[in-house]
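Protein chains in written order, with this note's numbering: chain A, 1 to 310; chain B, 311 to 690.
A virtual CB, placed ideally from N, CA and C, is assigned to each residue, including glycine.
In this text the structure is predicted, and so the values were computed from the model without any measurement.
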Amino acid sequence: MTTILLGPQRFTVTARAALRSLGVEGAVATVNAGWEEREGEDRELDSVLDGRTLNLRLHARMADVLAKDPDVAAAAYAFGEQRDTLVALYELRLRHALAAAYSVQHRIARHGDPTGAAAAALEESVRTVRTVDRWYLAELAELHRRREEQAPPSQSEVVAWHRGEVAADLASCRVVVLTGGNVATLLTALRLFDVRLPEHVPVIAWSAGAMVLTGKVVLFHDYAPQGDSDASVWDRGLGRLPDLLLLPHATRRLRLDDKARMSVLARRFRKRQAVLLDDGARLRIDADGQLPQEARVVTLAGTVRKGQHR
Amino acid sequence: MTKLAINRLKERRPLDAESVDRFVARYGSPIVEGERATFLYRGEADEVHVRHRVVGLPDPLRMRRVGASDLWAVTTVLPVGSRVEYQVETVRGSTVVRFNDPLNTRLAHGPFGASSVCASEGYAVPEWALPDPEARAGEMVDLVVPSKALGRDQPVQVYLPARFQSAQRYPLLVVHDGGDYLAYAALRTVLDNLIHRLDMAPVVAAFLTPKDRLVEYANHAPHSRFVARELRPYLTERLPLREGPQGCCLMGASFGGIASLAAAVRYPDAVGSLLLQSASLVFTDIGHDHGGGPAFDPVVKFVNRFRAAPSAPVDRLFMSCGIYEPLITPNRSMAPVFRSAGMDVLSVEARDGHNWENWRDRLRDGLSWLFPGAQKFVYE
């Protein structure tokens with residue numbers, strides 16, 4: 001199983017070199033549903049990928065389903081409303097849980113920790129944050145389950161037809177490329193059409209496309225217009241790279257110099273390697289799942305280093 | 311420390327008309343130097359004042375004649391990031407005249423006319439408040455909503471965001487003093503830009519213009535009923551709006567803030583969030599002497615009642631206020647009251663006053679917090 005993760009492609013295009021490095025001939029399936037209504041504007045993408053692309057058009061298919069199948073559409077809207085309510089509750093809990101962790105951290109910075117009690121308090125605070133994350137994912141899984149039960153997409157003729165086409169297109173391709181864009185839209189489309197990425201097919205992905213390959217899709221933006229925005233779990237990903245937490249545009253979106261904050265992030269997702277995917281990044285991960293040495297990861301201390309760091 | 315330009319002029323000998331001409335032509339008014347602003351006026355008068363409403367500075371701010379010339383000047387402190395609206399006042403005998411600073415071309419507009427603007431270092435009009443050719447414009451639709459509560463047909467201007475799709479569900483933003491927000495706070499441009507930049511989620515906005523503002527916006531039951539029980543259902547029948555209280559936000563400035571809060575308090579089942587700008591949250595701790603005049607009587611009664619038994623009519627409340635306006639004290643006092651009642655409150659202050667440009671400049675803070683855009687989701 002080969003996966004190549006790239007940095008954002010807007011200013012530093014490395015996708016062509018990555019594709020050629022695979023040495024694989026044949027068609028390249030592209031998934032750029034994250035571009036939403038611009039999904040069809042993919043000529044440049046096709047050109048970068050040597051004119052070999054077959055766009056799965058998942059966003060257009062999703063719009064078609066919503067227009068033609070009122071049951072699926074109604075279920076999607078209902079799910080969206082329920083999810084919004086859940087996310088509001090999650091963010092409320094998360095903010096307070098993270099605030100506690102940061103407060104303990106500030107106290108350690110000011111007063112030290114002669115007895116070790118503060119370190120234990122910090123560990124426990126971060127554990128609470130993990131509990132909140134787990135609670136959210138469990139509730140979300142229940143929402144997904146109920147939605148599947150009430151209006152199973154598999155029973156929709158329109159969905160079934162598209163799924164058949166997507167599966168056939170995928171089967172005809174030798175490489176899959178997932179681009180950046182809106183990660184929520186991309187994930188929704190992949191889920192609706194039950195897109196599975198065969199292990200033997202190499203995948204090249206960047207930005208949102210890379211994030212959906214992980215076990216948990218984590219959103220982050222320390223410079224959002226509404227101020228600090230805590231990193232939050234959005235949903236389960238496709239699980240192709242279950243041990244990674246991928247952070248595209250890390251330099252632009254994260255306060256990497258705030259070691260305390262970065263340390264909480266790394267500790268919170270300590271079972272995963274937090275990997276920065278900035279411009280120019282190119283990481284090839286093969287069957288052994290090992291990150292290459294040039295990978296820049298966030299350590300538990302909140303620093304950024306190259307190589308694997310637990 | 312470099313001498314102020316006006317002090318250098320005062321030292322000039324001879325201080326003749328030509329020197330003053332050159333000085334005024336070079337600097338205009340006001341002259342902003344570091345944290346100092348010097349206001350100028352040229353002409354004959356018995357007295358000349360700068361009139362403003364900045365709490366903490368003397369008003370009127372008396373100008374002094376520079377030497378024996380016809381130039382008048384006064385220097386005051388103006389911290390970085392400040393923005394002050396003012397006028398010049400001349401006194402000749404018993405005649406007092408107030409007008410915009412003839413030496414300053416920078417004006418701010420409002421429903422009661424224009425004022426001159428003094429912006430200190432560090433202040434800039436936010437670029438997201440200026441027209442952006444890249445941003446796709448939303449559409450304005452004129453509707454008339456029949457209202458039993460108000461006993462009239464109420465005109466409403468409705469903003470539909472760019473790429474409006476009937477298959478989507480949009481939150482509703484109800485804007486009190488909607489005409490003024492459009493005319494003086496560039497709200498349509500701001501919505502276009504913030505939505506385009508993914509700083510805020512697309513919304514449908516309903517712009518209301520009152521008939522008798524001081525009555526209808528001062529905790530007026532019929533107005534609250536109109537908003538919650540007539541306007542929202544009317545729009546929901548015709549537009550793809552989100553249901554439930556979370557789908558509706560009320561906003562307003564000054565008395566419009568009171569109208570928003572009052573409607574939410576009366577109909578918490580219909581409103582999920584509030585955006586209050588320099589809300590007239592005047593209250594008394596004892597007695598009834600609030601100093602706001604009769605128009606404020608129902609407002610003070612309402613705020614006093616709220617303070618006595620705080621409730622949380624909405625989940626999220628954004629409030630902004632200028633620190634140079636008298637309402638900063640009640641606004642600061644109310645933020646903890648709102649919080650302790652259980653609402654999620656974001657309070658923002660600015661070195662500005664009770665005016666539309668202050669409210670414009672705080673819109674991104676409020677709208678992006680209440681309606682977070684897709685930025686967190688987009689990784690190109």
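Inter-residue spacing [alpha-carbon to alpha-carbon] between residue i and residue j
| i | j | result |
| --- | --- | --- |
| G112/A | Q105/A | 10 Å |
| T85/A | G554/B | 11 Å |
| R375/B | E635/B | 29 Å |
| S47/A | A511/B | 33 Å |
| F616/B | A76/A | 40 Å |
| G403/B | D356/B | 7 Å |
| L453/B | A315/B | 55 Å |
| V581/B | H486/B | 14 Å |
| G676/B | V513/B | 14 Å |
| F409/B | V365/B | 21 Å |
| D380/B | R361/B | 19 Å |
| L501/B | A138/A | 36 Å |
| V195/A | A295/A | 28 Å |
| L470/B | S476/B | 11 Å |
| A184/A | P248/A | 15 Å |
| T3/A | D286/A | 6 Å |
| T405/B | E399/B | 10 Å |
| E199/A | D243/A | 16 Å |
DSSP three-state assignment for residue i, whether helix, strand or coil
| i | result |
| --- | --- |
| T188/A | helix |
| T400/B | strand |
| D487/B | coil |
| Q293/A | coil |
| F11/A | coil |
| N317/B | helix |
| H664/B | coil |
| H221/A | strand |
| M373/B | coil |
| I568/B | helix |
| A439/B | helix |
| L300/A | coil |
| Q478/B | coil |
| N182/A | strand |
| Q273/A | strand |
| S426/B | strand |
| M62/A | helix |
| V233/A | strand |
Min CB distance residue i to chain B below 8 Å
| i | result |
| --- | --- |
| A99/A | no |
| Y77/A | yes |
| P248/A | yes |
| A208/A | yes |
| P70/A | no |
| R261/A | no |
| R83/A | no |
| M211/A | yes |
| R57/A | no |
Contacts of residue i in chain A (Cβ-Cβ under 7 Å)
| i | result |
| --- | --- |
| F687/B | N182, V183, A184, L219 |
Min CB distance residue i to chain A below 8 Å
| i | result |
| --- | --- |
| D509/B | yes |
| A477/B | yes |
| R674/B | yes |
| A684/B | yes |
| E690/B | yes |
Partner residues on chain A for residue i, Cβ-Cβ distance less than 8 Å
| i | result |
| --- | --- |
| W679/B | Q226, G227 |
The beta strand (DSSP E) enclosing residue i, as first and last residue numbers
| i | result |
| --- | --- |
| T639/B | Run containing T639/B: none in the beta strand (DSSP E); it sits in the alpha helix (DSSP H), 638 to 650. |
| P456/B | 449 to 457 |
| H359/B | 357 to 362 |
| L241/A | Counting along the chain, L241/A falls outside any beta strand (DSSP E), and DSSP gives it neither H nor E. |
| L585/B | 583 to 587 |
| W161/A | Note, W161/A: premise wrong, no beta strand (DSSP E); alpha helix (DSSP H) at 157 to 171. |
| L417/B | 417 to 420 |
| N55/A | 53 to 55 |
| M561/B | 558 to 563 |
Terminal residues of the alpha helix (DSSP H) in which residue i lies
| i | result |
| --- | --- |
| K259/A | 259 to 268 |
| L673/B | 673 to 680 |
| R306/B | Residue 306/B is absent from the structure shown; chain B starts at 311 and stops at 690. |
| P465/B | Here P465/B belongs to no alpha helix (DSSP H); instead the beta strand (DSSP E) covers 462 to 470. |
Proximal residues of chain B, C-beta to C-beta of residue i below 9 Å
| i | result |
| --- | --- |
| P8/A | Y689, E690 |
Interface residues of chain B facing residue i [CB-CB closer than 8 Å]
| i | result |
| --- | --- |
| L66/A | A477 |
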